[in-house]
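Asks: One structure is given below, represented as structure tokens, and several questions about it will come after.
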Amino acid sequence: MLALHGTGVSDGIAIGKAYVLQRDLPEIPEYTIAHHQVETEIERLARAADAARRQLHTIRDHIPANAPAEASSFLDAHLLILDDKMLIPTAAETVRRERRNAEWALKGQSDRLSETFEKMDDAYLRNKRIDVNQVVERVLRNLLMPGFEEHLKVEPGEIVVATDLTPADTVMFKHQQVRAFVTSLGGPISHTAILARSLGIPAIVSVHNATRYVRPGEELIVDGKRGVLVVGPDKRLIAEYRRRQREIAREKRELNRLRLSPAVTRDRHTVRLMANIELPADVKAAVQSGAQGIGLYRTEFLFMNRPAAPDEEEQYRAYTKVVRAMRRKPVTIRTLDLGADKQVDGGQGARPVAVNPALGLRAVRLCLHDTSLFRPQLRAILRASAHGSVRMMIPMLSSQEELFRVLALVDETKSELKRAGEKFNPRIPLGGMIEVPAAAISADLFAPYLDFFSIGTNDLIQYTLAIDRVDDAVNYLYDPLHPSVLRLVAMTIQAGRRARIPVAMCGEMAGDPRYTRLLLGLGLNEFSMHPATLLEVKKIVRGSRLAALRKFAGRMLRLRDTQTVHDHVDRLNTEED
Ligand code: PEP
Ligand code: MG
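The numbering of the sequence shown is this note's numbering, which starts it at 5 and goes up by one.
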């Protein structure tokens, strides 16, 4: 029995068998083979290509029915590449002619093809390079790691243990009923951690060397609250954890009674509790949690795990589905926030990864840089606004100029739609995310042009404290109660109040019950979070008195050191009301 420690990022207890996801491709060996080995080597290459073909078919069979229609089209593209004579047969020819091992011959051929694609003028064809690389990597994996299994073969109920998971992986796992996630890397506000929370399954990140200590199929206990992973537990410990699981289930049932109760404090102040979603399928959980609307719809997830971006029609259908399902409750559609750790293809993209991707072309910057991506989305969101109460929200604003360019594009799109006789809400509320310190500090300058603010604490903390949200080495610095963060949150709420526009929060801080009372005291009246914690937050709201919290929050902002802030918040959370 072995206990490994990490950072718990999603509460709950899971007991199950390990599925160890080995991703790292070993180095490509290069060696010469003897004459008599040539045919065997070519056969080895053919067998690896066959295995890759089988895996691609299996993945296609596993794509959930509710995944975007085009989600499987990349598999067809990969199968075509795999069967192209420029790939395997040409590599086999090199094995025969130069008497080199199969891996080396295949890698060489793939490099040559990549170079050819790179030189093409047509962006679509240039992008084909990524597909070729992905196919080659799959065949190489089968050559170098025979028996390697595609992660989509995870069985329901298994616990995924990996070095790291991209948001694109996690969204795939979402459909496979995995019981928990454990990763060696990653931080509490990485998008992978956020997805685990939204799934409502336990997760621990930053468990160093997890994939080294855990063997496939081994029994595991994941304690997401304490951040503990037990490898090979004995019977007594399993029984103890099962008891705790039952207790948690009982508490959950009790919380469920609050589903239809209003989110109102004891002194009758009402707040709005909204849900964050990643895909249209998440609306179900949002509705079940009793959310009063969607406070953040992360549309970029519609763009992942596929070769080409969804077109306007597909986006329109996805957004309308959410809007209809929410039945006139507000739906806040955030425009694309791709870049940084949210790469469309899990990081194997055409664009070279910037040295500091979180500070690079991300979110609204990327959209303004490439309006061919942005315009169809604006049209789709505007058209969806004809079907309910839609709000549009812009991520990562950092300067007024950016906002003005967005506003001009929105106006232009409205005129286009009007000319084309398309229906939309001409007064669709437009909000800005306050998640870059520059925006928080100058929130008063943004306010006159916006209908609401939403504070994105995940990025606001990342950028204020200069800690990469996916870097486990600096996890320990992550602190929503850092005085600088609290000041920026308070400034934004104030700026909103002065300009008479509502201020929401949709970062993870809003869904963490430890901060509910403090945020109420600071004057926040809209909280948006993953549905899994909504009822817990509601319980705290209903047990609090706003008048007392306001006084407390004022004092908190004057405190000078972080430890005292923590002690005060702990005390506040254990007081009667
Ligand atoms: C945030 O930054 O707080 C936020 C809500 O956006 P995301 O986590 O998607 O970056
Ligand atoms: Mg953000």
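Glycine included, each C-beta is placed from N, C-alpha and C at the ideal position.
Would you say the stretch 130 to 143 touches the stretch 105 to 121, given that touching needs at least three Cβ pairs under 8 Å?
Replies: Taking 8 Å as the limit for Cβ pairs, the verdict is that the stretch 105 to 121 does touch the stretch 130 to 143.
Asks: Just checking, does the stretch 384 to 401 make contact with the stretch 321 to 341 on the three C-beta pairs under 8 Å criterion?
Replies: The stretch 384 to 401 is in contact with the stretch 321 to 341.
Asks: Let me know the alpha helix (DSSP H) ranges lying completely inside the stretch 132 to 209, each 4 residues or longer, listed in chain order.
Replies: Here the runs fully enclosed are 171 to 177, 195 to 203.
Asks: Can you tell me whether DSSP reads Ser293 as helix, strand or coil?
Replies: In this structure, Ser293 counts as coil in the three-state DSSP scheme.
Asks: Please report the straight-line C-alpha distance between Asn146 and Gln498, rounded to a whole angstrom.
Replies: Asn146 and Gln498: Cα-Cα distance of roughly 58 Å.
Asks: For Glu223, list the residues DSSP reports as bridge partners.
Replies: Paired residues: Lys21.
Asks: Would you call the CB atoms of Glu406 and Lys346 closer than 9 Å?
Replies: Contact: no.
Asks: Cβ of Glu439 within 8 Å of any heavy atom in the ligand PEP?
Replies: Answer for Glu439: yes, Cβ within range of the ligand PEP.
Asks: Just confirm the distance between the C-beta atoms of Leu413 and Gly435, as a whole number of angstroms; I'd bet it's less than 8 Å.
Replies: That belief does not hold up - the Cβ atoms of Leu413 and Gly435 are roughly 16 Å apart, past 8 Å.
Asks: Helix, strand or coil: how does DSSP classify Ser389 here?
Replies: Three-state result, Ser389: helix.
Asks: Thr11 lies in the beta strand (DSSP E); which residues open and close that run?
Replies: 11 to 14 is the extent of the beta strand (DSSP E) around Thr11.
Asks: How long is the line joining the alpha carbons of Ser488 and Gly511, rounded to whole angstroms?
Replies: Approximately 16 Å between the Cα atoms of the pair.
Asks: Closer than 8 Å by C-beta to His39: which residues in its own chain qualify, once you throw out the five before and the five after it? Chain order, please.
Replies: These residues qualify, in order along the chain: Arg103.
Asks: What residues are listed by DSSP as bridge partners for Glu439?
Replies: None; Glu439 has no bridge partner.
Asks: What does DSSP give as the partner residues of Lys89 in its beta bridges?
Replies: DSSP output for Lys89 lists no bridge partner at all.
Asks: Taking the alpha carbon of Leu300 as the point to measure from, which residue in Gln292, Asp374, Pro284, Arg310 has its own alpha carbon closest?
Replies: Among Gln292, Asp374, Pro284, Arg310, the Cα nearest to that of Leu300 is on Pro284.
Asks: With a CB to CB cut of under 6 Å and the five nearest residues on each side skipped, what residues in its chain are close to Arg355?
Replies: Any reading at Arg355 needs caution, since the residue's pLDDT is 48, under 50, leaving its predicted position unreliable; the model's value is listed next. Within the same chain, Arg355 has no close Cβ partners at all.
Asks: Under three-state DSSP, which class holds Ala313?
Replies: Correct three-state label for Ala313: coil.
Asks: Does the count of Cβ pairs from the stretch 447 to 465 and the stretch 541 to 553 closer than 8 Å reach three?
Replies: With the cut-off at 8 Å, the stretch 447 to 465 and the stretch 541 to 553 do not touch.
Asks: Put Glu530 into one of helix, strand or coil per three-state DSSP.
Replies: Of the three classes helix, strand and coil, the one that applies to Glu530 here is strand, per DSSP.
Asks: Which runs of the alpha helix (DSSP H) fall wholly inside the stretch 536 to 573 and span at least 4 residues, in chain order?
Replies: Entirely contained in the stretch 536 to 573, the alpha helix (DSSP H) runs reaching 4 residues are, in chain order, 538 to 546, 550 to 562.
Asks: Fully enclosed by the stretch 449 to 475, which alpha helix (DSSP H) runs are 4 residues long or longer?
Replies: Counting whole runs of 4 or more residues, the stretch 449 to 475 contains the alpha helix (DSSP H) stretches 461 to 468.
Asks: Should the stretch 7 to 21 be called in touch with the stretch 158 to 165, which here means at least 3 C-beta pairs below 8 Å?
Replies: The answer is yes - the stretch 158 to 165 touches the stretch 7 to 21, with three or more Cβ pairs under 8 Å.
Asks: Mind checking who Arg104 pairs with in its DSSP beta bridge?
Replies: The partner list for Arg104 (beta bridge, DSSP) reads Thr36.
Asks: Helix, strand or coil for Val42? Go by DSSP, reduced to three states.
Replies: Three-state result, Val42: helix.
Asks: Determine the extent of the alpha helix (DSSP H) in which Ala253 is found, giving its start and end residues.
Replies: Note, Ala253: alpha helix (DSSP H), 239 to 260.
Asks: Taking only heavy atoms of the ligand MG into account, decide whether any of them is closer than 8 Å to the Cβ of Ala444.
Replies: Incorrect: Ala444 has no Cβ contact closer than 8 Å to the ligand MG.
Asks: Looking at the structure shown, is Ile281 part of a helix, part of a strand, or coil, going by DSSP?
Replies: In the structure shown, Ile281 sits in a strand (DSSP, three-state: E or B).
Asks: Where does the unbroken beta strand (DSSP E) through Tyr301 begin, and where does it stop?
Replies: Element bounds for Tyr301: 298 to 302.
Asks: Are the CB atoms of Val186 and Ile208 nearer to each other than 9 Å?
Replies: Result yes, Cβ atoms of Val186 and Ile208 sit closer than 9 Å.
Asks: Quick one: does the C-beta of Thr269 sit closer than 8 Å to a heavy atom of the ligand PEP?
Replies: Flag unset: Cβ of Thr269 not near the ligand PEP.
Asks: Going by C-alpha distance, which of Glu282, Ala253, Ile92, Ser118 is nearest Ile17?
Replies: Here the closest residue by C-alpha is Ala253.
Asks: Between which two residues does the beta strand (DSSP E) harbouring Ile497 extend?
Replies: Where Ile497 is concerned, there is no enclosing beta strand (DSSP E), although the alpha helix (DSSP H) it sits in stretches over 487 to 503.
Asks: Of the choices Asn577, Leu91, Leu264, Glu223, whose alpha-carbon is the least far from that of Leu553?
Replies: Measuring from the Cα of Leu553, the nearest candidate turns out to be Asn577.
Asks: Should Asn479 be listed as close to the ligand PEP, given that the test is whether its C-beta is under 8 Å from any heavy atom?
Replies: Checking every heavy atom of the ligand PEP against the Cβ of Asn479, none is found closer than 8 Å.
Asks: Could you tell me the distance, in whole angstroms, from the CA atom of Lys418 to the CA atom of Arg250?
Replies: Cα to Cα, the separation comes out at about 53 Å.
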